[in-house]
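**Q**
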Amino acid sequence: MSALVPVPAAGKPERQGRRLTAYLLLLPGGLWLLLFFVVPIVSLLAASLYDPDGSIEAGFSMTWSWHNYVDALADYARPFGRSLWYALLTTAFCLLLGYPLAYAIAFKAGRWKNVMLALVIAPFFTSFLIRTLSWKMLLSDNGFVVDALKAVHILGSDGRLLATTAAVVTGLTYNFLPFMVLPLYASLEKIDHRLIEAGGDLFAGPFTTFRTVTLPLSMPGVVAGTLLTFIPAAGDYINAQLLGTPKQRMIGNDIQRLFAAGAYPTAAALSVTLMAAIVVLVLFYVRRSGTEELV
Amino acid sequence: MSQPVIGRRAVLRGAALGLGAGGLLTACGIPAAKQSAGSCVSTDKSATEKSLIFSNWPSYMDESEEKVNGKTLLPTLDAFEKKSGIKVTYTADVNDNAEFYAKVRDQLGACQPCGRDIFVLTDWMAARTVGLGWIQKLDHAKIPNVDKHLLKQLKAPRWDPNRDYSVPWQTGLTGIAYNAKYTKEVGSYADLLSRADLKGKITLLSEMPDTMSFMLRLDGADPAKFDDAAWSKALDRLSGYVASGQIRRFTGNDYVQDLNAGNIVACEAWSGDVLALQADNPDIKFVIPEEGLGLWSDNMLVPNKAAHKANAEALMNYYYDPEVAATLAAWVNYICPVEGAREAMEKVDPELVDSPLIFPDQAVLEKTFAFMPLDTAKAKLYETDFNLAIGG
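Protein chains in written order, with this note's numbering: chain A, 93 to 387; chain B, 3 to 394.
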């Protein structure tokens, strides 16, 4: 790890100049981070420790109420766990759908490659909200999808698609699929075809070649894709709001509502907990998959 | 491999500096947001600036069918501009009371202008902003039409007994709506929440006072005056309905699409929405539930630091002209708070004169109730409780 090599004491003027350039290059990004990351995060952390009995009218004072976390988790453990569970399901479905798709685009699409990539990105030209609302129409209780499924007795006569867990997870999967496909495509596309040929030359069948050559080489894409899917899916609230019922509420819905109700400390404590949980899960995951240097 | 010019120690030092600076913030807290006439003084520039910024709810202003240069015309508002010479910037950006409150509270709490001269909030939220001292006192000498024509029932709400701070824009009823194509009549909340054929096919409103009023009614309590014990009981009742899967969702105005499409067959609904929907879909019906009706107003308020109070008062006065009010009511379909508008409606649209949802008669008004005004601490507590209960 090169970053750990200690910097020798600066002495030569030439070296000092290089150092100055490096810091100047960091300045815009650093200021941006300070203003739009460090300040909000610190104020969020602070808000999570405010006096829970405060109100907008009377203000909130800093009382270091660590108990906010205990209370928030006691009250909201279920939507919290549900969010992580839905995000996990979403990531799994995105990977199952996205990997073959990215593989086909990278290796089999030929001159259609660019068109297919454009099609993957195409949904982004409409807003997230509109796309989710159209799912609502598609899955509508009296829509053709439900009617068709009822006709073939996959759904009972009382059955519905909208306002179910399946609808929420489908919506999440649909909305985040491009975030999975694009990094997968990027890392599959980079794979040297001669390595796959070499697999064949060494008498490995297509499956063995895939397992021992293609898959390991595409791991950076898998890791990046799963992170880009899991993290926003865990914090999403639009899909649960539009496609779910109260029983599918995710933690984002609760944070949003608590914030609007002026319960800042609880809302902030839940936000911090969600962030911390995601960071821990991600660190663990990246360590386990052995790809620290790749992401 | 080349050596990096920026070492780990420098990075750590930078990070510590950043966090140290942030550490100062933790000492702050959030200051009290309550203002008073003395602490937040506004100056009125109406004499020199003939302009007005007006934030209202969607579908709350009459629109004409034809467009000019791609712009929808707003007949009554355009006529006001012509008559008064005041240029009105009209935006339909109030979608939800709690959300709008979140949008303006930081400015108003710190006695800063929020960029609007009039905004429109429902009683319970209007009460909260008045209680916080965020609203300017109106000069009744400048709004004689309001004093003359405001409906008697609306003259003295508990949170603003002399209408010193607020003037109703429109008034409405909260009751039940159902889609007759998919279900038979739903006449009461007791039915709505217990009938097996409605399971998973109904919605309630996410506005806490609306929904909780009916829960309190079901327990025989009075939504205008109840204690914490009654509140907890009503809350348990609601949690039960959520847990059983009877309630499909909690919604804002968006129940309209679901009801029209048949995704839900009955719901808690606002009268004006239902009347507007009926025009396109005659299967949609509004019912006065056995438990009674919620009566509420959306009120025009002039926030602190709004620089055009006199212009705002001119607009309020204009909309209390019965003829203008009738034109507006014919389009928005909510209860018109203006006395005399019913007579004026003869000229505007004779069919609507007898509409009980625009001009309800005394018998209907007697069945209505309002939700108790809450201070912010209580409001936060109840909203949090409600949030937990609808969370499932």
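Even for Gly, the Cβ is constructed at its ideal location relative to N, Cα and C. Computed from a predicted model, the values in this text were never measured in an experiment.
(1) Between ASN99 of chain B and SER175 of chain A, what straight-line distance do the alpha-carbon atoms span, to the nearest angstrom?
(2) Could you give the C-beta distance for GLN172 of chain B and VAL334 of chain B, rounded to a whole number, given that I count them as a contact under 8 angstroms?
(3) Let's test the definition: count the other Cβ atoms within 10 Å of the Cβ of THR74 of chain B and tell me whether it reaches 16, buried, or not, exposed.
(4) For chain A, check one thing: does any of its Cβ atoms lie closer than 8 angstroms to the Cβ of ILE286 of chain B?
(5) At least one CB of chain B closer than 8 angstroms to the CB of TYR142 of chain A: is that the case?
(6) Going by DSSP, what residue range makes up the alpha helix (DSSP H) through PHE351 of chain A?
(7) Give the DSSP bridge partners of GLN172 of chain B, in chain order.
(8) Using 10 angstroms around the beta-carbon of TRP298 of chain B, count the other beta-carbons present and answer buried if the total reaches 16, otherwise exposed.
(9) Apart from the five residues on each side of it in sequence, which residues of its chain come closer than 6 angstroms, Cβ to Cβ, to ALA223 of chain B?
(10) Quick test of the definition: if touching needs 3 or more C-beta pairs under 8 angstroms, does the stretch 159–167 of chain A touch the stretch 245–256 of chain A?
(11) For the candidate residues B:GLU293, B:PRO146, B:LYS203 and B:ASP95, whose alpha-carbon lies nearest to that of PHE56 of chain B?
(12) Grab the span of the beta strand (DSSP E) containing ILE286 of chain B for me, first residue to last.
(13) Can you find a C-beta in chain A that's less than 8 angstroms from the C-beta of PHE252 of chain B?
(14) From the beta carbon of GLY111 of chain B, is the nearest beta carbon of chain A less than 8 angstroms away?
(15) Rounded to the nearest angstrom, what separates CYS186 of chain A and TRP126 of chain B at their Cα positions?
(16) Tell me which same chain residues have a C-beta within less than 7 angstroms of the C-beta of GLY294 of chain B, skipping the five on either side of it?
(17) ILE323 of chain A CB to nearest chain B CB: under 8 angstroms?
(18) Please state the DSSP three-state secondary structure of LEU403 of chain B.
(19) Tell me which residue opens and which closes the beta strand (DSSP E) that LYS89 of chain B is part of.
(20) Rounding to the nearest angstrom, what Cα-Cα distance links LEU126 of chain A and PHE152 of chain A in this structure?
(21) What would DSSP say about TYR142 of chain A, mapped onto helix, strand or coil?
(22) On a Cα-Cα basis, can you pick out the residue from B:ALA343, B:GLN248 and B:GLU348 that is closest to VAL267 of chain B?
(23) Do the stretch 138–146 of chain B and the stretch 183–196 of chain B meet, that is, are 3 or more Cβ pairs less than 8 angstroms apart?
(24) Cβ closer than 8 angstroms: which chain B residues qualify as neighbours of VAL350 of chain A?
(25) On the premise that ALA332 of chain A lies in contact with ALA179 of chain A, defined as a C-beta separation below 8 angstroms, what is that separation, rounded to the nearest angstrom?
(26) Cβ of LEU134 of chain B within 8 angstroms of Cβ of ASP166 of chain B?
(27) Per DSSP, TYR178 of chain A forms a beta bridge with which residues?
(28) Specify, as a first and last residue, the run of the beta strand (DSSP E) that ILE250 of chain B falls within.
(29) Name the residue from A:ALA169, A:TYR115 and A:VAL212 whose alpha carbon lies nearest to the alpha carbon of MET342 of chain A.
(30) Can you tell me which of the three DSSP states ALA271 of chain B falls into?
(31) Is DSSP giving LEU359 of chain B helix, strand or coil here?
(32) So is GLU101 of chain B in contact with chain A if we call contact Cβ pairs under 8 angstroms?
(33) DSSP puts ALA179 of chain B in a beta bridge; with which residues?
(34) At the 8 angstroms Cβ level, is ASN262 of chain B part of the contact set with chain A, yes or no?
(35) Once the 5 residues before and after LYS235 of chain B are set aside, which same chain residues still bring their CB inside 6 angstroms of it?
(36) Under a Cβ-count criterion, where at least 16 other Cβ atoms within 10 Å of its own Cβ denotes burial, should GLN114 of chain B be classed as buried or exposed?
**A** Reading from the atomic positions:
(1) 27 angstroms
(2) 6 angstroms
(3) exposed
(4) no
(5) yes
(6) 343–352
(7) B:ASP300
(8) Classification for TRP298 of chain B: buried.
(9) ALA232
(10) no
(11) B:ASP95
(12) 286–289
(13) yes
(14) yes
(15) Taking the straight line joining both Cα atoms gives about 44 angstroms.
(16) ARG219, LYS369, THR370 and PHE371
(17) no
(18) It is not possible to answer for residue 403 of chain B, since the shown part of chain B is limited to 3 through 394.
(19) Here the beta strand (DSSP E) through LYS89 of chain B covers 89–93.
(20) 24 angstroms
(21) strand
(22) B:GLN248
(23) no
(24) Looking at the sequence shown, residue 350 of chain A is not Val but Leu. The answer, in chain order, is THR386 and ASN389.
(25) Actually they are not in contact, since the Cβ atoms of ALA179 of chain A and ALA332 of chain A sit about 11 angstroms apart, beyond 8 angstroms.
(26) No, the Cβ-Cβ distance between LEU134 of chain B and ASP166 of chain B is not below 8 angstroms.
(27) Partner(s): none; TYR178 of chain A has no beta bridge.
(28) A small correction: the amino acid at residue 250 of chain B is Arg; Ile does not occupy that position in the sequence shown. That run of the beta strand (DSSP E) goes 249–253.
(29) A:ALA169
(30) Three-state result, ALA271 of chain B: strand.
(31) Three-state DSSP puts LEU359 of chain B in coil, outside helix and strand.
(32) Interface criterion met: the Cβ of GLU101 of chain B is under 8 angstroms from a Cβ in chain A.
(33) Paired residue(s): B:CYS269 and B:PHE288.
(34) no
(35) ASP221
(36) exposed
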